[in-house]
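Everything below concerns the one structure shown next.
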Amino acid sequence: LELIHTYSLIHDDLPAMDDDDYRRGRPTSHKVFGEAIAILAGDALLTLAFRLIADNTPLVKDPAVLRDVVAEVAGAAGTFGMVGGQVVDIESEGKTISAQTLEYIHRHKTAALIRASLRVGALLGGGDARAIETISEAGSDLGLAFQIIDDILDVEGSLAELGKTAGSDERKGKATYPAVHGLEASRRQAKLLIERTKQRLAVFGEASGPLCALADYVFERKN
Numbered sequence: 204l205e206l207i208h209t210y211s212l213i214h215d216d217l218p219a220m221d222d223d224d225y226r227r228g229r230p231t232s233h234k235v236f237g238e239a240i241a242i243l244a245g246d247a248l249l250t251l252a253f254r255l256i257a258d259n260t261p262l263v264k265d266p267a268v269l270r271d272v273v274a275e276v277a278g279a280a281g282t283f284g285m286v287g288g289q290v291v292d293i294e295s296e297g298k299t300i301s302a303q304t305l306e307y308i309h310r311h312k313t314a315a316l317i318r319a320s321l322r323v324g325a326l327l328g329g330g331d332a333r334a335i336e337t338i339s340e341a342g343s344d345l346g347l348a349f350q351i352i353d354d355i356l357d358v359e360g361s362l363a364e365l366g367k368t369a370g371s372d373e374r375k376g377k378a379t380y381p382a383v384h385g386l387e388a389s390r391r392q393a394k395l396l397i398e399r400t401k402q403r404l405a406v407f408g409e410a411s412g413p414l415c416a417l418a419d420y421v422f423e424r425k426n
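Next up, the structure:
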């Protein structure tokens, strides 16, 4: 999933999409290596992700679980997840969109991979249908909160803090929570989602500790 996430960032930074010059405090891939190599690097990371799953199949005893994991990762990365959200995001630039469309973009463009990471863990851990559904809902809310905070940081942060160019969303007319709801309402919504995430995770008892701590970090992060 980290490989898929990194591929998406490389492609997201390309001139044809967000046209960003910095990522994680360094020049973006296409700025260093050129657009062609950046595209190919992203392609390579996406295919490598599935190669890693295939190489680790001996660790999964039940073929049905492996099938579900592959389907989960592919679905989260594709047209019903990240790519689908990115398409609507690009098509919405410079337009006035509804709150429902904005939530659709963020739950697919960003939250889908975070949701998948939790679901894959639950699948590999042998979780039952109820546990998987609960952790899916928690992952979707956590992912949406992450993107809302990302939108806020783009307004309030700096290149030094974020490692990427701040204020780029507004300049490009991108659909963001602060643009649609305002900063304070966006912050309240993110906090509500974090609290709801932790409430959902509470059914797992002490085992939910690391994920609840991660949820708090998502809200408090500065980059």
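Letter by letter, the sequence shown follows residues 204 to 426 in this note's numbering.
Note that beta-carbon positions come from the ideal geometry of N, C-alpha and C, so glycine has one too.
The structure presented is a predicted model; accordingly, all values stated were derived computationally and were not measured.
Inset, instruction - Go through the region 292-330 residue by residue and report every complete run of the alpha helix (DSSP H) that reaches 4 residues or more, in order. - result: 302-312 and 314-327
Inset, instruction - May I ask you to report which of helix, strand or coil DSSP gives Pro218? - result: coil
Inset, instruction - Give me the Cα-Cα distance between Arg407 and Gly237, rounded to the nearest whole angstrom. - result: Reading the sequence as shown, one finds Phe at residue 407 and not Arg. Their Cα atoms are separated by approximately 47 Å.
Legend entry - Nonlocal neighbours in the same chain, by C-beta distance under 6 Å from Ser295, ignoring five residues either side: Ala378
Inset, instruction - Give me the Cβ distance between Ile207 and Ala314, rounded to the nearest whole Å; I'm assuming they're in contact under 8 Å. - result: With 8 Å as the limit, Ile207 and Ala314 do not qualify as a contact, their Cβ atoms being about 14 Å apart.
Legend entry - Inter-residue spacing [alpha-carbon to alpha-carbon] between Phe253 and Leu365: 30 Å
Inset, instruction - Compare the beta carbon distance of Ser411 and Leu417 with 8 Å and say whether it is the shorter of the two. - result: no
Inset, instruction - Could you check the C-alpha separation between Gln350 and His309 for me, to the nearest Å? - result: 6 Å
Inset, instruction - With a threshold of 16 other CB atoms inside 10 Å of the CB of Pro261, please say whether the residue is buried or exposed. - result: exposed
Legend entry - N-terminal and C-terminal residue of the alpha helix (DSSP H) that Leu243 is part of: Glu238 to Asp258
Legend entry - Backbone secondary structure at Arg424 - three-state DSSP: coil
Inset, instruction - With DSSP as the reference, please indicate the residues paired to Tyr225 in a beta bridge. - result: Pro230
Inset, instruction - My understanding is that Lys394 touches Phe422, with C-beta atoms under 8 Å, so please give their C-beta distance in whole angstroms. - result: 6 Å
Inset, instruction - Using alpha carbons as the reference points, say which of Pro266, Leu204 and Asp215 lies closest to Ile293. - result: Asp215
Legend entry - Member of Ala319, Gln289, Asp354 and Ser339 whose CA lies at the smallest distance from the CA of Ala219: Gln289
Inset, instruction - With distances taken Cα to Cα, identify the nearest neighbour of Ala348 among Ile242, Val276, Pro230 and Lys312. - result: Lys312
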